[in-house]
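Undergrad: Let me begin by handing over the structure; questions about it come next.
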Amino acid sequence: MIHRVIFLLYFSFLLFLCACFSIYIIKRNVLIKTSGMAVVMALGISMQGVVSNFLGPSFFQSAFAKIIPTIILAIWISFIFSIVLSYFNGRFRELHVRNAVNRFGIGTWVAASSICGILVSKHFTEWGIIAKVLCCLNVMFWIFYIIICIKAFFEIHHNHLMKNSNGIFLLTTVSTQSIILMLHTVFGEIPKMITISLLFIGLGFYLISATFIIRRYVTNQWAIETDWNNTNCILHGALSISGLVCIVSGIAPEKVLMLLWIFTLVVFLIVECLELCRIYKRIVTYGLKKGMLIYDVSQWSRVFTFAMFYTFTSLIHLTSSQFTMIQSIILQFGIWVVLLLILSEIILSVKHGDGSPASSSLKSAMSGHRSPSRNSK
447 MIHRVIFLLY
457 FSFLLFLCAC
467 FSIYIIKRNV
477 LIKTSGMAVV
487 MALGISMQGV
497 VSNFLGPSFF
507 QSAFAKIIPT
517 IILAIWISFI
527 FSIVLSYFNG
537 RFRELHVRNA
547 VNRFGIGTWV
557 AASSICGILV
567 SKHFTEWGII
577 AKVLCCLNVM
587 FWIFYIIICI
597 KAFFEIHHNH
607 LMKNSNGIFL
617 LTTVSTQSII
627 LMLHTVFGEI
637 PKMITISLLF
647 IGLGFYLISA
657 TFIIRRYVTN
667 QWAIETDWNN
677 TNCILHGALS
687 ISGLVCIVSG
697 IAPEKVLMLL
707 WIFTLVVFLI
717 VECLELCRIY
727 KRIVTYGLKK
737 GMLIYDVSQW
747 SRVFTFAMFY
757 TFTSLIHLTS
767 SQFTMIQSII
777 LQFGIWVVLL
787 LILSEIILSV
797 KHGDGSPASS
807 SLKSAMSGHR
817 SPSRNSK
């Protein structure tokens, strides 16, 4: 009886939040950016991957532990409502499809839906059928996304848009691997051939995307303070989620996993060193306020990739003493880095919006509100 009452309370809370967010969207006619679902991705993996592994599964057995998943689900539903609204307003194509590079941002819709399916399956077992329906719908939507991305790759190459290549291309990999994680969570064991096929499809897109990105920076003149994109951190985030897939599905031996983790660590260090150089150059060039303390929704990709690397590191079994020491350091301090990044993005989004609690989480991802960013390309 008590369990049913708690379930009804959370369901009512979810409906209340969705109603509040939807009313705000309608009144302000706000439309999320294509990559706006990165907020849901970042918050979802931070809670399900970072916090759960740090505090242990017992934390989520308490009645109040479902509040955060409920809020994340409400944000996801309200963002979907905003996307649907853009369609009826006749702006869907303009906002999400017309630009070939921006089109890849639809991958955040797939990945965010995957993490929400996982949250429903893990924390709201009463909604098991909903999780399964969502999973099937998301697989079909992923197929649609992959088709338009393949078309976009040819369009970018044909129209000589390589100079705009960035980490947003890697959402093809992230979305694909997120589908595997959702399938394994919602349905349990799935045919090994499906897992292997999807995994290699994702890795294939990683090679294609990385080639486009590297070629851009090798063949063109560029300045790190203006031409290095926030989304480039997905270079290691896409590897981390691929490693997580290998662990969850159990299809890779320990030696392969260790090599993948080492490679991911190397890419992580290279990319984040470039990020530090960019921050330094931007502060020197534009000052602290305009160079660093600027918001853009693409910055949530950094939260997602850090959280994903932490999750991958927390689940892998390392045998070498040197690597276990590195692993221990990452697990000890990584959670605070992720939480600090989340707090920073929330503060910046509030500053970017009107400061009201009702709008801060939504307004930050809206395309109708623009602000100069650290790099929003």
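Throughout, my numbering is defined as the position within the sequence shown, counted from one, plus 446.
Quick reminder that beta carbons are idealized off the backbone N, C-alpha and C, glycines included.
So who's on the other strand from Ile659, going by DSSP bridges?
TA: Note: Ile659 sits in no beta bridge, so no partner.
Undergrad: Here's the rule: buried if 16 or more other CB atoms are within 10 angstroms of the residue's CB, otherwise exposed. What is Ile640?
TA: Ile640 comes out exposed.
Undergrad: When you compare only the Cα positions, how much space is there between Ser817 and Ile575?
TA: Below a pLDDT of 50, predicted positions are generally treated as unreliable, and Ser817, at 36, falls in that range; no measurement from the model is reported.
Undergrad: Can you give me the start and stop residues for the alpha helix (DSSP H) that Leu607 sits inside?
TA: Looking at the DSSP string, Leu607 is not in any alpha helix (DSSP H), and its letter there is neither H nor E.
Undergrad: Name the two residues that bound the continuous alpha helix (DSSP H) containing His763.
TA: His763 -> no alpha helix (DSSP H), and no H or E assigned at all.
Undergrad: Buried or exposed, going by whether 16 or more other CB atoms sit within 10 Å of the CB of Phe897?
TA: Summary: the structure shown does not reach residue 897, with the chain confined to residues 447 through 823, and so no result is reported for it.
Undergrad: Could you check the C-alpha separation between Gln773 and Phe755 for me, to the nearest Å?
TA: 11 Å
Undergrad: Assign Asp800 to one of two classes, buried (16 or more other C-beta atoms within 10 Å of its C-beta) or exposed (fewer than that).
TA: Model confidence at Asp800 stands at a pLDDT of 39, short of 50, so the residue's coordinates are unreliable; what they give is reported in the following sentence. The residue in question, Asp800, is exposed, as its Cβ has fewer than 16 Cβ neighbours within 10 Å.
Undergrad: In angstroms, rounded to a whole number, what distance separates the CA positions of Met704 and Gly650?
TA: 20 Å
Undergrad: Whole angstroms is fine: what's the gap from Leu711's alpha carbon to Val702's?
TA: 14 Å
Undergrad: Are the Cβ atoms of Ile469 and Gly490 separated by less than 8 Å?
TA: no
Undergrad: Along the alpha helix (DSSP H) that carries Tyr732, what are the first and last residues, could you check?
TA: Glu700 to Gly737
Undergrad: Is the beta carbon of Leu690 less than 8 Å from the beta carbon of Leu761?
TA: yes
Undergrad: How many angstroms separate the CA atom of Gly648 from the CA atom of Arg748?
TA: 20 Å
Undergrad: Within 10 angstroms of the Cβ of Met586, are there 16 or more other Cβ atoms? Answer buried if so, exposed if not.
TA: exposed
Undergrad: By the 10 Å Cβ neighbour count, where 16 or more other Cβ atoms means buried, how is Lys597 classified, buried or exposed?
TA: Classification for Lys597: exposed.
Undergrad: Could you check if Gln623 is buried or exposed, using at least 16 other CB atoms within 10 Å of its CB as the buried criterion?
TA: buried
Undergrad: Would you tell me roughly how many angstroms separate the C-alpha atoms of Leu629 and Lys735, rounded to the nearest one?
TA: 43 Å
Undergrad: When burial is assigned at 16 or more other CB atoms within 10 Å of the CB, is Glu791 buried or exposed?
TA: buried
Undergrad: Just to confirm my understanding: we take Leu454, look at its own chain, exclude 5 residues before and 5 after, and list those with CB closer than 8 Å. What are they?
TA: none
Undergrad: Which stretch, first to last residue, makes up the alpha helix (DSSP H) that contains Cys692?
TA: Ile680 to Ser695
Undergrad: Please report how far the alpha carbon of Arg450 lies from the alpha carbon of Arg662, in whole angstroms.
TA: 55 Å
Undergrad: DSSP three-state label for Gly495, please.
TA: helix
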